[in-house]
Structure formats: C-alpha cells, structure tokens
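Read the structure below first, then the notes.
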C-alpha cells in the first residue's frame with residue numbers, strides 16, 4: 080500500500096509538471112543536451128561512486144568485517160542498481176548490507192557501517208548546502224537573503240544545542256518503533272568516534288563525492304542554458320536531494336525535480352529549465368544504475384565460477400590410479 084502511494088505521488092507530480100509547464104520550453108531545453116556530454120557525465124558519476132565503494136567499505140570494516148575490495152564493489156554495485164527498482168534509496172542500502180553481511184559473516188558490521196556511511200553523507204550534504212546558501216544569499220531578493228541568514232543561524236545553534244542532548248538521551252525513552260534505528264545510529268557514531276582517522280577519511284570522501292555531483296549538475300545546467308553561479312548550485316541541489324530522500328515518492332522521482340525547479344525560480348531560472356535539468360540527472364542515475372547492475376552480474380558470475388572451481392575434486396593424472404585404491 081505504501082509503495083503504491085509513493086508511485087502515485089511520483090506519477091502525479093511528474094504529470095502535473097509536464098501538463099502545467101510550457102511543452103516548448105521543456106523540449107528546447109532537453110534537446111540542448113548532447114549525447115557526448117551525457118555519456119561523460121555518466122562516466123564521472125560512476126567514478127564518484129567508485130570512491131563511494133572505498134568510503135563504504137572502510138565504514139563496514141570498522142566492525143572487523145574484512146570485506147575484500149572485489150566484494151565491496153559487487154555489493155555496492157548491487158545497491159546502486161537496486162535504487163532503480165526499490166521505492167527509496169534506503170532499499171539499496173539494505174541490499175548491499177545484506178550481501179556484505181553474507182559475504183563476511185558479520186551482518187551487524189555491514190548494517191552499522193552502512194548507517195555510518197549514510198550519516199557522513201548527510202552531514203556533508205548539510206555542510207555543502209550551508210556554504211552554498213551563504214554564498215548564494217546575495218542573489219535572492221532582500222527578504223530571501225534575510226530568511227537564509229536566519230535559517231543558517233538557527234541551524235547552527237540548533238545543531239550545537241540539540242545534538243548532544245539527542246546522543247545522551249536513554250534508548251528506552253525513545254518510541255518503541257524508533258529504538259532499533261536510534262540504537263544502530265548510536266553504535267555507528269561510537270564506532271566512528273573510536274576510529275577518528277577513518278571517520279575523517281570517510282567524511283572527506285563524502286565531501287569530495289557530493290561536491291563532484293553538484294558540479295555535474297551545474298554542468299548539466301550550463302549545457303541546457305542555465306547560467307548561474309556555482310554557489311547557487313551548491314545551495315539548490317543538496318536541498319533538492321534531501322527532498323527526494325523523504326519517504327513520500329518513488330526514489331524521489333517528481334519531488335526532487337519539482338523542488339529543484341522551484342528553488343531555481345528564485346534565481347530567475349524558468350521552472351521548465353530547472354525541471355529538465357533535474358530529469359536529465361535522473362537519466363544519469365538510471366544509466367549509472369544499469370551499468371552497476373551489469374557489474375554486479377559479472378562479478379557474481381565470476382564469484383560463482385571461482386567457488387565451483389574451489390569445490391570441485393582434483394582430477395587424477397592419466398595412467399595413475401587414485402590414491403587409496405589398488
């Protein structure tokens with residue numbers, strides 16, 4: 080029932096955008112994207128996720144899972160492909176954690192590591208959005224700049240005051256439905272605190288990857304005719320991505336596109352061009368996910384062939400009787 084509702088919300092938002100926005104503006108913006116540029120963006124997207132494999136594997140191995148590089152690529156590719164099929168990005172995280180837990184025999188390390196990895200990504204996104212909001216505030220009307228300034232101050236003060244209180248709150252005082260998620264999050268934070276070098280490396284990789292994705296979206300925007308400072312993209316894209324992560328749509332489809340278009344309107348960009356830029360990024364996600372699915376399939380076949388070769392009995396040399404027989 081929940082999945083059906085998310086599908087209906089995504090389909091409804093997309094249908095509303097396509098019906099209400101001028102079709103000629105949508106078409107003219109879309110045809111400006113060349114196939115060569117699109118393929119280059121997909122390649123850069125996959126390169127960013129290759130760094131994501133390193134980051135995620137480091138987090139999983141904090142729990143002594145000993146996940147090998149090849150298995151890390153296989154599990155991560157499975158999760159990236161699953162994002163195309165499952166109703167939210169969390170489904171991909173669950174699949175890669177399940178595969179990593181099966182491969183290492185340490186499912187708890189895979190789950191906690193995945194939560195820690197996602198937390199680092201969210202903190203990196205928040206930091207990028209805050210820096211972008213500070214830079215881009217001058218491009219907003221007077222009231223808009225004031226609102227952004229107040230929100231930044233409230234966000235910093237709120238994080239400083241409430242984060243310690245949340246971390247110290249007893250687990251039994253949380254609602255029963257949230258205890259498992261909160262408990263796993265607290266364990267992930269404690270493991271990060273016990274491995275400060277790994278935590279710093281993972282956070283830096285998160286910043287690099289998310290920054291690269293913002294630059295790729297700015298490249299898409301520039302290609303289809305959106306001429307905005309980079310600071311605006313560093314403000315708008317993380318907010319649109321966070322909106323897409325809300326569990327109200329099918330993987331953020333429709334919601335993320337409408338959010339990005341609405342934010343860019345404040346900076347003088349036609350709504351149609353902002354929506355097209357987001358839909359092109361959605362096509363990059365689909366293309367990258369399909370490549371990841373192919374990698375998962377190929378590595379799975381290779382792993383199966385290796386297991387069969389190790390399990391098969393040795394073949395006796397011609398002319399020699401097997402040992403233990405007359």
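Residue numbers (my numbering): 80 to 405.
For glycine and all other residues, C-beta sits at the position ideal for the given N, C-alpha and C.
Here the structure is a predicted model, which means the values were calculated and not measured.
For the stretch 138-200, the continuous alpha helix (DSSP H) assignments of 4+ residues that do not extend past its boundaries occur at 148-161 and 168-183, in sequence order. An exposed status is given to residue 98, since fewer than 16 other beta-carbon atoms sit within 10 Å of its beta-carbon.
Counting only runs of at least 4 residues, the stretch 330-362 fully encloses the following alpha helix (DSSP H) elements, listed from N- to C-terminal order: 334-344.
Taking a 10 Å sphere around the C-beta of residue 338, we find 16 or more other C-beta atoms and assign the residue as buried. In this structure residue 321 does not touch residue 327 by the C-beta definition: roughly 12 Å separates them, more than the 8 Å allowed. With three or more CB-CB distances shorter than 8 Å, the stretch 172-180 counts as touching the stretch 152-164.
DSSP, reduced to helix, strand and coil, places residue 253 outside both helices and strands of the structure shown, so it counts as coil.
Exclusion of the five residues before and after residue 332 leaves 89 as the residues of its chain whose Cβ lies within less than 6 Å of its Cβ. Apart from sequence neighbours up to five positions away, the residues of its chain that approach residue 207 with a beta-carbon distance below 8 Å are 286, 289, 290, 293, 313 and 317, ordered along the chain.
Inclusion of residue 362 and residue 336 in the CB contact set at 8 Å is not warranted, their separation being larger than that value. In the structure shown, the three-state DSSP call for residue 132 is helix. Here the C-alpha atom of residue 282 lies approximately 36 Å from the C-alpha atom of residue 386. In the structure shown, residue 112 adopts coil according to DSSP, grouped into three states. Your pair residue 307 and residue 346 checks out as a contact, with CB atoms roughly 6 Å apart and the cut at 8 Å.
Short of 8 Å from the beta carbon of residue 354, and not among the five residues preceding or following it, lie these beta carbons of its own chain, in chain order: 96, 100, 105, 336, 337, 339 and 340. Assigned with DSSP and collapsed to three states, residue 317 falls in helix. Residue 103 counts as exposed, since fewer than 16 other C-beta atoms from the protein chains shown sit within 10 angstroms of its C-beta.
In the DSSP annotation of this structure, the continuous segment of the alpha helix (DSSP H) that includes residue 275 starts and ends at 275-302. In the displayed model, residue 248 falls within coil according to three-state DSSP, outside both helix and strand.
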